[in-house]
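A.B. asks: The opening residue of the sequence shown carries number 1078 in the numbering used here; numbering runs sequentially from there. Beta carbons: idealized from backbone N, C-alpha and C, even for Gly.
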Amino acid sequence: MSEDPRATTLITERLILRAQQERDAEVFHQLWTERDERVPPHRRIDAEGHPTVADIADSIRGGDSRARPGLLTVVLRESDAVIGYCGVVFDDDDRPELAFELLSAVHNRGYATEAGRAVIAWARDAGYSRLWASVWDWNLASRRALEKLGFAETGTIVKESAHGRSLLTVREPGD
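Printed below as a string of structure tokens:
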């Protein structure tokens, strides 16, 4: 396992994935504002406007001090524009979970799949060969990206609410 996976910079054909910086908060806030209305309220901007850009910057500044993979900022190589994030988070059972979210302006260009491939290799190098991902049943684009990345739906519903069903997918070692 590398000494500090959070310090990693990953470079793909079109993307740079790097540690999050406070200046990324503007784009991450935009992601919050673009979220589908079916996303549960605690993952959208609330009536008081939270989280604000400052709230998000504070969260980035605080970071996770554990030396294990986390979320990386996704940047377009050609323009240096921040377009979202991709990385590994840990669920309530401490399972490594692939997570990604990109600005709607860059959807349908294969960036999520490209970033996901780089993160999967990064996670494997950090000692996480099996990865999970949860995805809303209505989020067909993310479900397709996960399928391209070798994730299979398990039939397990993580959450079910008025917002839909959150499905559990897994990518086994060697996939």
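The beta strand (DSSP E) with Ile1122 in it runs from where to where?
C.D. replies: Where Ile1122 is concerned, there is no enclosing beta strand (DSSP E), given that its DSSP letter is neither H nor E.
A.B. asks: What is the DSSP secondary structure of Leu1223, reduced to helix, strand or coil?
C.D. replies: Leu1223: helix per DSSP, three-state reduction.
A.B. asks: Is the Cβ-Cβ distance between Glu1191 and Thr1089 less than 9 Å?
C.D. replies: Yes; because the gap between Cβ atoms is below 9 Å, this pair is in contact.
A.B. asks: For Val1152, which option in Ala1096, Leu1244, Val1247 and Arg1220 has the closest C-alpha, if you only look at C-alpha atoms?
C.D. replies: Among Ala1096, Leu1244, Val1247 and Arg1220, the Cα nearest to that of Val1152 belongs to Ala1096.
A.B. asks: Which parts of the stretch 1135-1204 are runs of the beta strand (DSSP E), unbroken and 3 residues or longer, counting only runs that do not cross its ends?
C.D. replies: Complete beta strand (DSSP E) runs here, min 3: 1148-1153, 1159-1167 and 1173-1179.
A.B. asks: Just how far apart, CA to CA, sit Ser1156 and Leu1092?
C.D. replies: The alpha-carbon atoms of Ser1156 and Leu1092 are separated by roughly 10 Å.
A.B. asks: Quick one: using the 10 Å Cβ neighbour count with 16 as the cut-off for buried, is Glu1268 buried or exposed?
C.D. replies: In the structure as shown, the chain begins at 1078 and stops at 1252. Residue 1268 is therefore absent and cannot be evaluated.
A.B. asks: Tell me which residue opens and which closes the beta strand (DSSP E) that Trp1213 is part of.
C.D. replies: Unbroken beta strand (DSSP E) run through Trp1213: Leu1208 to Trp1213.
A.B. asks: Given this structure, state the Cα-to-Cα distance separating Trp1213 from Arg1112, to the nearest angstrom.
C.D. replies: So the two alpha carbons sit approximately 12 Å from each other.
A.B. asks: Name the one or two DSSP bridge partners that Val1116 has.
C.D. replies: Val1116 pairs with nothing; no bridge assigned.
A.B. asks: With a threshold of 16 other CB atoms inside 10 Å of the CB of Glu1174, please say whether the residue is buried or exposed.
C.D. replies: Result: buried.
A.B. asks: Relative to the C-alpha of Cys1163, which residue among Ala1222, Pro1118 and Arg1121 is closest?
C.D. replies: Of the candidates Ala1222, Pro1118 and Arg1121, the one whose C-alpha sits nearest the C-alpha of Cys1163 is Ala1222.
A.B. asks: When you compare each of Tyr1188, Gly1140, Leu1149 and Thr1110 to Ala1124 by their alpha carbons, which one comes out closest?
C.D. replies: Nearest option by C-alpha distance: Thr1110.
A.B. asks: Could you tell me the alpha carbon to alpha carbon distance between Tyr1188 and Leu1226, rounded to whole angstroms?
C.D. replies: Each residue's alpha carbon lies about 12 Å from the other.
A.B. asks: Using a threshold of 9 Å, state whether the C-beta atoms of Arg1207 and Pro1146 are closer than that.
C.D. replies: No, these two residues do not count as a Cβ contact at 9 Å.
A.B. asks: Enumerate in chain order the residues of its own chain whose CB-to-CB distance from Glu1237 is below 6 Å, with the five nearest sequence positions on each side excluded.
C.D. replies: Excluding residues within five positions, none has a Cβ falling inside 6 Å.
A.B. asks: With distance defined between alpha-carbon atoms, name the residue in Asp1101, Glu1099, Arg1194 and Arg1115 nearest to Ala1239.
C.D. replies: It is Arg1115 whose Cα lies nearest to the Cα of Ala1239.
A.B. asks: Bridge partners of Ile1088, per DSSP?
C.D. replies: Ile1088 is bridged to Ile1093.
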